[in-house]
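Under full-length UniProt numbering, the sequence shown has 75 at position 75, and the numbering climbs by one with no breaks.
From the three backbone atoms N, C-alpha and C, an ideal C-beta is built for every residue, glycine too.
First the structure, in the form of structure tokens, and then the observations on it.
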Amino acid sequence: MAGGFKRSIRVQRRLFVGLLTVTVSLVCDLNWLSLKEQVGVKAQSNERRVLAHIPGDIIIGALFSVHHQPPADKVHERKCGAVREQYGIQRVEAMMHTLDRINADSTILPNITLGCEIRDSCWHSAVALEQSIEFIRDTLVSSDDEESQGRCSTEGGSVLLQGKKPIVGLIGPGSSSVAIQVQNLLQLFNIPQIAYSATSMDLSDKSLFKYFMRVVPSDMQQARAMVDIVRRYGWSYVSAIHTEGETALVHLFLHSFIWILNILQSPFKLILKIFIEGLTSTFF
1 MAGGFKRSIR
11 VQRRLFVGLL
21 TVTVSLVCDL
31 NWLSLKEQVG
41 VKAQSNERRV
51 LAHIPGDIII
61 GALFSVHHQP
71 PADKVHERKC
81 GAVREQYGIQ
91 RVEAMMHTLD
101 RINADSTILP
111 NITLGCEIRD
121 SCWHSAVALE
131 QSIEFIRDTL
141 VSSDDEESQG
151 RCSTEGGSVL
161 LQGKKPIVGL
171 IGPGSSSVAI
181 QVQNLLQLFN
191 IPQIAYSATS
201 MDLSDKSLFK
211 YFMRVVPSDM
221 QQARAMVDIV
231 RRYGWSYVSA
241 IHTEGETALV
251 HLFLHSFIWI
261 LNILQSPFKL
271 ILKIFIEGLT
281 STFF
């Protein structure tokens, strides 16, 4: 009994290391942009969604924003916008490339082949939750269960039909607000989630998000690092450059930045001028 329990723990640890390796490698491989035919990749579609599936001994789920958010007049129908040729396609290709590299290296997960199922979140909570429900359904109805198997009669006899393998964990989605809603659903079924770009401080609360992990620092940690740089070099003027459409996020980051400065006041008087387009603040 004890030996079987220890073997189970070792297997679980190996699976977790594999999932974490995929996520870290995925972040590192986003510069890999060559579009090529993927051997063994099946694209499945229905009236509303398209997904990519690579078979394997272990299936890792992923939610990437392959399309833009639904237009205002299509929100109620959850019809996504145009394809995100850079952000979305890069992440899909990077994950497939990462799996190829891991499966080709027998020292990482010997005798185990990683597969994946990639679904589109459209950077929209309703779509992401819809796709998460599909992941959960596959998890509840495992291919190892007899109830998920059936037989189809053919001329040559009967063929055993197996259900889809459950995912061992989920990578994504990118947005913090969407990741929070997805985690609220996944943790009900004990499904781990690893985010690659969700930086909200709320997600650091393990009492609320028990199955959530991430490979990027939170907004507070990033603000703290910037404060350390300002204090180290004695700067008195900071100019922030941001892309169009992210003003609200920059303002939120600025408030975190000033909040940390208030906590970590230097023994000497500090005058810091922070300028951001549309918002200028002075800290004494």
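Residue i to residue j span [Cα, whole Å]
i    : j    : result
R91  : S125 : 19 Å
N103 : T113 : 6 Å
P110 : D228 : 43 Å
K79  : P71  : 8 Å
L51  : G88  : 13 Å
D205 : A225 : 20 Å
S176 : T98  : 24 Å
L198 : W123 : Going by the sequence as given, residue 198 is Ala instead of Leu. Roughly 12 Å separates the two Cα atoms.
Q131 : D105 : 31 Å
V230 : P166 : 48 Å
P217 : P173 : 16 Å
I108 : Q86  : 30 Å
H68  : R84  : 6 Å
D57  : S207 : 32 Å
G234 : Q222 : 18 Å
I133 : H53  : 17 Å
D138 : V215 : 26 Å
D73  : E93  : 30 Å
R232 : I191 : 42 Å
Same chain only: Cβ atoms within 6 Å of residue i, ignoring 5 sequence neighbours per side
i    : result
M213 : I194
L203 : F209, F212
Q187 : K210, Y211
C28  : Because the pLDDT at C28 is just 46, under 50, the model does not fix this residue reliably, and the point stays unresolved.
Spatial neighbours of residue i in its chain, beta-carbon cut-off 8 Å, leaving aside the 5 residues before and after
i    : result
L129 : Q181, V182, L185
E77  : P70
A179 : G172, P173, Q193, A195, A198, S200, L203, F212
V127 : P70, R78, C80, D120, S121
Cβ distance (whole Å) where residue i is taken to contact residue j below 8 Å
i    : j    : result
I171 : Y196 : 7 Å
G81  : G169 : About 28 Å separates the two Cβ atoms, so there is no contact after all.
V75  : D120 : Not quite, the Cβ-Cβ distance comes to about 16 Å (not below 8 Å), so this is no contact.
Sequence-distant residues of the same chain with beta carbon closer than 7 Å to residue i, five excluded per side
i    : result
D100 : none
Per-residue DSSP class, three states only, for residue i
i    : result
E85  : coil
I136 : helix
V50  : strand
R78  : coil
Q222 : helix
L185 : helix
V66  : coil
L170 : strand
I108 : coil
D202 : helix
Beta-carbon spacing of residue i, residue j below 8 Å
i    : j    : result
M95  : I59  : no
I136 : F189 : yes
Distance cut-off 7 Å: residue i Cβ against heavy atoms of the ligand ADP
i    : result
C122 : Inclusion of the ligand ADP in the displayed structure is not the case, the ligand content being empty and no account of it being possible.
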